[in-house]
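**Student:**
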Amino acid sequence: MGKEKEIITGRKQAGEKMKFLLYAFVGVHVLSLNSGKAIYRNDMSQRTFEEIKEEIAHYGDVAKAIINLAVYGKAQNRSYERLALLVDTVGPRLSGSKSLEKAIQIMYQNLKHDGLENVHLEPVKIPHWERGEESAVMLEPRMHKMAILGLGSSIGTPPEGITAEVLVVTSFDELQRRAPEARGKIVVYNQPYTNYSQTVQYRVQGAVEAAKVGALASLIRSVASFSIYSPHTGIQEYQDGVPKIPTACVTVEDAEMISRMVSRGSRIVIQLKMGANNYPDVDSFNTVAEIIGSKYPEEVVLVSGHLDSWDVGQGAMDDGGGAFISWEALSLIKDLGLRPKRTLRLVLWTAEEQGGIGAFQYYQLHKANISKYSLVMESDSGTFLPSGLKFTGSEKARAIMKEVMNLLQPINITQVFSDGEGTDINFWIQAGVPGASLLDDFYKYFSFHHSRGDTITVMDPKQMNVAAALWAVVSYVVADMEEMLPRS
């Protein structure tokens, strides 16, 4: 399973959730279970892996209690109902918008009302971009009004718009080969969709590459696994020393149609109008709540999702679901009267969509305590029916996580995959902290991702119950085990 490379130039970690789309089960490196050798050679602990397995197995009843409460008991559908109320009340939550700040204040009150501990807001600075009015019309060889969505951080066009002939390319290589043809034109990218991590580079870098060869604007085929004439937005990045040109995504259908028409010899002329504007950074907050640890309160298991979204749809799937199963995990544990040895910390990130902006500032503020973080978890790939847990960490930690996931046999989700990740937690993972995320239905996820279709209608309460149960069991057991997860 190839790890998605950060293809974004500019701001560190800018712009894109790293979604790893090729499923692969990575077998746990089998530790010598019968040799009696301690697996923590450099640790105070001399416990064998068999003893750790035995410790984890004792959580069987607790895991069943969490699963029963989440999936069958009085908490069933709770995360869905809570999410529906928020997204119906405030709608989408773009970085820098009043609706995002309203959502943060609502969540602050919700978490306090839920009886969680140390509920507080941590101030950060985040980008403020607005799309304004936008349109694209094919003028030649016939009139055709196109559905578009400007890309995050794009500049606008002049008020009269940009009217120009198009050059269609299917790759950056083709753009380079045909560079002399691009000057003064609108470049239309009709790149095939292979998977998100490979294809998203066209959205992120398309404007810069088109500007380098003298294009006036760029239109990018939406990065989506499925389309019903739906444009999908997302962040794009400019580069120092390269002219800034307006950029938007178009539907898969329009990109393919324009490509076909050009291949038959048609000359296509498009008028693009975009009222997009970038404004100075504004104040926002990461939202934090805890269940304080009973024995090692200074040690942390972090569970998270992001509260911001794009400005279309409701941001229910990306990432309302992830934020709300993370809240639900703490609610379930609290409702059962459980208090783990380590602190369980919920963080609802702000400005993830702009490149983990809130999370990077959290990391800078808290990285001095990095040795105290046992596990960082982020749900930001959908909360449909998970296939298992994606995990990044040492082989010893992976073997432990495999035992923890065996506790989820009652819901038949026990696999541990590679590449636990998330835009907001990757700062910690790259510094050596074990990280976990859900492996979910990426085909469905990228059908609705960053589009007007990302509404509560996409969500399934029963699937959210199962995702929340998994999230709660994993976070509780890792927080309550006698020792932190071993690092490389």
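For what it's worth, this note's numbering labels the leading residue of the sequence shown as -2, then goes sequentially.
Glycine included, each C-beta is placed from N, C-alpha and C at the ideal position.
Restricting to Cα atoms, I'd like to know which of Leu341, Pro155, Ile408 is closest to Glu523.
**Tutor:** The chain is shown only over -2 to 485; residue 523 falls outside these bounds and no answer can be derived.
**Student:** Could you check how far apart the C-beta atoms of Asp315 and His447 are, in whole angstroms? I think they sit under 8 Å.
**Tutor:** Stepping through the sequence shown from its first residue, residue 315 is reached at position 318. Stepping through the sequence shown from its first residue, residue 447 is reached at position 450. Asp315 to His447, Cβ: 7 Å. Contact.
**Student:** Out of curiosity, what's the CA-to-CA distance linking Asn423 and Val430?
**Tutor:** The residue labelled residue 423 in the question sits at position 426 within the sequence shown. The residue labelled residue 430 in the question sits at position 433 within the sequence shown. Roughly 9 Å between the two C-alpha positions.
**Student:** So what does Asp280 bridge to, in DSSP terms?
**Tutor:** On the sequence shown, residue 280 is found 283 positions in, with the first residue counted as 1. Asp280 is bridged to Lys122.
**Student:** For Arg484, which option in Leu404, Arg44, Gly57, Thr389 has the closest C-alpha, if you only look at C-alpha atoms?
**Tutor:** Sequence index remark: in the sequence shown, residue 484 carries index 487 (1-based). Here the closest residue by C-alpha is Thr389.
**Student:** Less than 8 Å between the CB atoms is what I'm expecting for Leu386 and Met402, so what's the real figure, rounded?
**Tutor:** On the sequence shown, position 389 is the one that residue 386 refers to. On the sequence shown, position 405 is the one that residue 402 refers to. Between Met402 and Leu386 the Cβ distance is about 6 Å, and since that is below 8 Å, they are a contact.
**Student:** From the DSSP output, in three-state form, read off Arg75 for me.
**Tutor:** Here residue 75 corresponds to residue number 78 of the sequence shown, with the count starting at 1. Looking at Arg75 - three-state DSSP - the assignment turns out to be helix.
**Student:** So Thr284 packs on Leu97, CB below 8 Å; how close in whole Å?
**Tutor:** In the sequence shown, counting from the first residue as 1, residue 284 sits at position 287. In the sequence shown, counting from the first residue as 1, residue 97 sits at position 100. Actually they are not in contact, since the Cβ atoms of Thr284 and Leu97 sit about 11 Å apart, beyond 8 Å.
**Student:** Buried or exposed for Met140, going by 16 or more other Cβ atoms inside 10 Å?
**Tutor:** Within the sequence shown, the letter at position 143 stands for residue 140. When all chains shown are included, Met140 counts as exposed.
**Student:** Since Ile53 and Tyr473 are thought to touch, with beta carbons under 8 Å apart, how far apart are those beta carbons, to the nearest angstrom?
**Tutor:** The residue labelled residue 53 in the question sits at position 56 within the sequence shown. The residue labelled residue 473 in the question sits at position 476 within the sequence shown. Ile53 to Tyr473, Cβ: 12 Å. No contact.
**Student:** Can Ala207 and Pro337 be called in contact, C-beta distance under 7 Å?
**Tutor:** In the sequence shown, counting from the first residue as 1, residue 207 sits at position 210. In the sequence shown, counting from the first residue as 1, residue 337 sits at position 340. Contact: no.
**Student:** If you follow the alpha helix (DSSP H) that Ser96 is part of, which residue opens it and which one closes it?
**Tutor:** The residue given as residue 96 occupies position 99 in the sequence shown. Element bounds for Ser96: 95 to 110.
**Student:** DSSP state of Leu341, grouped into three classes?
**Tutor:** What you label residue 341 is simply residue 344 of the sequence shown in a count that begins at 1. Leu341: strand per DSSP, three-state reduction.
**Student:** By DSSP, does Gln358 sit in helix, in strand, or in coil?
**Tutor:** Along the sequence shown, one-based indexing puts residue 358 at 361. Note: Gln358 maps to helix in three-state DSSP.
**Student:** Can the beta-carbon of Ser263 be found less than 7 Å from the beta-carbon of Pro138?
**Tutor:** Translated into the one-based positions of the sequence shown, residue 263 becomes position 266. Translated into the one-based positions of the sequence shown, residue 138 becomes position 141. Yes, the pair counts as a contact, with Cβ atoms nearer than the cut-off.
**Student:** Please list the terminal residues of the continuous beta strand (DSSP E) segment that includes Gly147.
**Tutor:** Numbered from its first residue, the sequence shown carries residue 147 at position 150. For Gly147, the enclosing beta strand (DSSP E) covers residues 145 to 147.
**Student:** Can you give me the start and stop residues for the beta strand (DSSP E) that Thr160 sits inside?
**Tutor:** As a position in the sequence shown, residue 160 is number 163, starting the count at 1. Segment 159 to 166, the beta strand (DSSP E) holding Thr160.
**Student:** Alpha carbon to alpha carbon, how far is Pro467 from Leu333?
**Tutor:** For the purposes of this step, residue 467 is identified with residue 470 of the sequence shown, where counting begins at 1. For the purposes of this step, residue 333 is identified with residue 336 of the sequence shown, where counting begins at 1. Residue identity differs from the one stated: residue 467 is Leu in this sequence, not Pro. Whole-angstrom Cα-Cα distance: 15 Å.
**Student:** My guess is that Leu481 and Ser371 are in contact by the Cβ rule of under 8 Å, so how many angstroms apart are they, rounded?
**Tutor:** To locate residue 481, count along the sequence shown from 1; it is residue 484. To locate residue 371, count along the sequence shown from 1; it is residue 374. It is worth fixing the name first, because residue 481 is Met in this sequence and not Leu. Confirmed, about 4 Å.
**Student:** Using the C-alpha atoms, what's the distance from Pro120 back to Arg44?
**Tutor:** Along the sequence shown, read from residue 1 onward, the residue named residue 44 stands at position 47. Along the sequence shown, read from residue 1 onward, the residue named residue 120 stands at position 123. Distance between the alpha carbons of Arg44 and Pro120: 42 Å.
**Student:** Between which two residues does the alpha helix (DSSP H) holding Met271 run?
**Tutor:** Taking the first residue of the sequence shown as 1, we reach residue 271 at position 274. From DSSP, Met271 is part of no alpha helix (DSSP H) but of the beta strand (DSSP E) over 266 to 271.
**Student:** Taking Lys364 as part of the beta strand (DSSP E), name the residues at either end of that continuous run.
**Tutor:** Counting from 1 along the sequence shown, the entry for residue 364 is found at position 367. For Lys364, there is no enclosing beta strand (DSSP E), since its DSSP letter is neither H nor E.
**Student:** Starting from the C-beta of Phe443, find all residues in its chain whose C-beta is less than 6 Å away, skip the five residues before and the five after it, and write them out in chain order.
**Tutor:** Within the sequence shown, numbered from 1, the residue matching residue 443 stands at position 446. The answer, listed in chain order, is Tyr193, Ala221, Ser222.
**Student:** Roughly how far, in whole angstroms, is the beta-carbon of Leu345 from the beta-carbon of Leu304, given that I think they are within contact range, below 8 Å?
**Tutor:** As a position in the sequence shown, residue 345 is number 348, starting the count at 1. As a position in the sequence shown, residue 304 is number 307, starting the count at 1. That belief holds up - the Cβ atoms of Leu345 and Leu304 are roughly 4 Å apart, short of 8 Å.
**Student:** CB Val210 to CB Ala179, shorter than 7 Å?
**Tutor:** Translated into the one-based positions of the sequence shown, residue 210 becomes position 213. Translated into the one-based positions of the sequence shown, residue 179 becomes position 182. For Val210 and Ala179, yes; Cβs fall inside 7 Å.
**Student:** Starting from Gln427, follow the alpha helix (DSSP H) in both directions and report where the run begins and ends.
**Tutor:** As a position in the sequence shown, residue 427 is number 430, starting the count at 1. Its alpha helix (DSSP H) spans residues 423 to 427.
**Student:** On the three-pair Cβ rule with 8 Å, is the region 266 to 283 touching the region 121 to 129?
**Tutor:** yes
**Student:** So Ala433 is in the beta strand (DSSP E); what residue range does that whole segment cover?
**Tutor:** As a working mapping, residue 433 is identified with position 436 in the sequence shown. Here the beta strand (DSSP E) through Ala433 covers 432 to 436.
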